[in-house]
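Report on one structure; see the data block that follows.
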């Protein structure tokens, strides 16, 4: 297994073979199964939000924040769906997790609500003698596809297997990370069934995301300008307010909750008067039409004092912003003949 060659291959826009992808997924699962539901991470580290299949923008993210292993990263889920290069995004993140010169702790991958078989249903659309895979999403989502040059029935089985290998890895992804014991990173948000971080540690994560309960809420919930809890319009998870967040941070001795899951036009947004929660969004010009910028949030090795200053003096943490790449224009494939709409 030549990891450097595989990384170069994916960066050049090629896919791993079915056998290579299967091997990669099996090795990464062996690493992920050893990680806690609340994976401890030491600063310095850079926290990233949704990527959503925007491969070239992920490459720009690394140019902006630094390359692995020189920079440690936490990716807070939603690597796939909506963009046109989900397979490439997920493959490169797995390769970096496994890299021979990289310790697994250099890159922490959290599960998002889109790391789910239910949101990545496969259908096949023949285009020009090749086989396109379209991962169909719910009605609120934009479709995406990636091209795989495989032929006839054998190709169909190979692409179906590739989808299975990737979705099997989803079940091994951890639910959250905690930086230096004071900053909790999670994809969605809080749950009325989770008052302490220890309760997250007890969740059985090696399964498809359920439709309700603490696992579901961690993936789907959103902060809102309310005090306590409200029903979420998403149909999963909850809306949670300032008092819920403040109490959760106090009980668990946290300074901050970092999460992703929601588009932020300005790339990053603090919530509530005490700025006890922040949303980080890392997919610029989301869905190739939203016009938003993206951000990543860095914590240096003096994070505790740095956080202290930021709360008392309203000094912004080390935030880096970036826009979409020129390559995105080349990734917008034709939309005719595809039965999935915005």
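In our numbering, the protein residues as written are 5 to 346. Ideal Cβ positions, reconstructed from N, Cα and C, are used throughout, including at glycine. All values derive from a computational prediction rather than experimental measurement.
Item: If the criterion is Cβ atoms closer than 9 Å, does the pair residue 242 and residue 234 meet it?; Value: yes
Item: In its own chain, which residues sit with a C-beta less than 7 Å from the C-beta of residue 46, not counting the 5 before and 5 after it?; Value: 184
Item: Rounded to whole angstroms, what is the Cα-Cα separation between residue 197 and residue 187?; Value: 20 Å
Item: Quick one: measure Cβ to Cβ for residue 201 and residue 256, integer angstroms, because I've assumed they're closer than 8 Å.; Value: 5 Å
Item: Which same chain residues end up closer than 7 Å to residue 270 when comparing Cβ atoms and leaving out the 5 residues on each side of it in sequence?; Value: 297
Item: How many Å lie between residue 330 and residue 247 at the Cα?; Value: 43 Å
Item: Helix, strand or coil for residue 263 per DSSP?; Value: strand
Item: So what's residue 303 in DSSP terms, helix, strand or just coil?; Value: strand
Item: Along the chain, where does the beta strand (DSSP E) containing residue 183 start, and where does it finish?; Value: 180-183
Item: Would you grab the beta carbon distance between residue 42 and residue 213 for me? Rounded to a whole angstrom, and I think it's under 8 Å.; Value: Contact flag wrong, Cβ pair sits at about 17 Å.
Item: DSSP three-state call for residue 207: helix, strand or coil?; Value: coil
Item: Return the CA-CA distance between residue 92 and residue 14, expressed in angstroms with no decimal places.; Value: 6 Å
Item: Skipping 5 residues on each side, what residues in its chain have a beta carbon closer than 6 Å to that of residue 24?; Value: none
Item: Rounded to whole angstroms, how far is the Cβ of residue 69 from the Cβ of residue 302, which I believe are closer than 8 Å?; Value: 7 Å
Item: If we ignore side chains and look at the alpha-carbon of each, how far apart do residue 220 and residue 289 end up?; Value: 27 Å
Item: Residue 245 and residue 261: beta carbons closer than 9 Å?; Value: no
Item: Beta carbon of residue 81, beta carbon of residue 177: below 9 Å?; Value: yes
Item: Identify, in the order they occur along the chain, each residue of the same chain with its Cβ nearer than 6 Å to the Cβ of residue 274, setting aside the five sequence neighbours on each side.; Value: 282
Item: Using a Cβ-Cβ cut-off of 6 Å (strictly less than) and excluding sequence neighbours within five positions of residue 325, which residues of its own chain qualify?; Value: 271, 297 and 299
Item: Please identify the residue among 117, 98 and 251 whose C-alpha is closest to the C-alpha of residue 54.; Value: 117
Item: With respect to the beta strand (DSSP E) encompassing residue 284, which residues constitute its N-terminal and C-terminal limits?; Value: 281-284
Item: Determine the DSSP secondary structure at residue 326, reduced to helix, strand or coil.; Value: strand
Item: Hey, does residue 248 have any beta-carbon neighbour from chain D nearer than 9 Å?; Value: Note that chain D does not occur in the displayed structure, where there is just one protein chain.
Item: Using only the alpha-carbon positions, how far apart do residue 115 and residue 108 sit?; Value: 16 Å
Item: Quick check on the DSSP output: the beta strand (DSSP E) that includes residue 94 runs from which residue to which?; Value: First-last for residue 94: 90-102, but that is the alpha helix (DSSP H), not the beta strand (DSSP E).
Item: DSSP three-state label for residue 55, please.; Value: coil
Item: One question on the structure: do residue 174 and residue 228 come within less than 9 Å of each other, judged by their Cβ atoms?; Value: no
Item: Nearest to residue 26 by CA position, among 98, 51, 278 and 16, is which residue?; Value: 98
Item: For a test of the three-state rule: what should DSSP assign to residue 320, helix, strand or coil?; Value: The predicted model places residue 320 with a pLDDT of 45, which falls under 50 and marks its position as unreliable; any figure quoted below should be read in that light. Coil.
Item: Kindly give me the distance between the Cβ atoms of residue 112 and residue 84, rounded to whole angstroms, as I take these residues to be in contact under 8 Å.; Value: About 17 Å separates the two Cβ atoms, so there is no contact after all.
Item: I need the DSSP call for residue 166, collapsed to helix, strand or coil.; Value: helix
Item: Quick one: give me the first and last residue of the alpha helix (DSSP H) that residue 257 is part of.; Value: Note, residue 257: premise wrong, no alpha helix (DSSP H); not H, not E.
Item: What whole-angstrom Cβ distance do residue 49 and residue 78 have, given they're in contact under 8 Å?; Value: 6 Å
Item: Tell me where the alpha helix (DSSP H) around residue 32 begins and ends.; Value: 22-36
Item: Anyone know if the C-beta pair for residue 193 and residue 172 falls short of 9 Å?; Value: no
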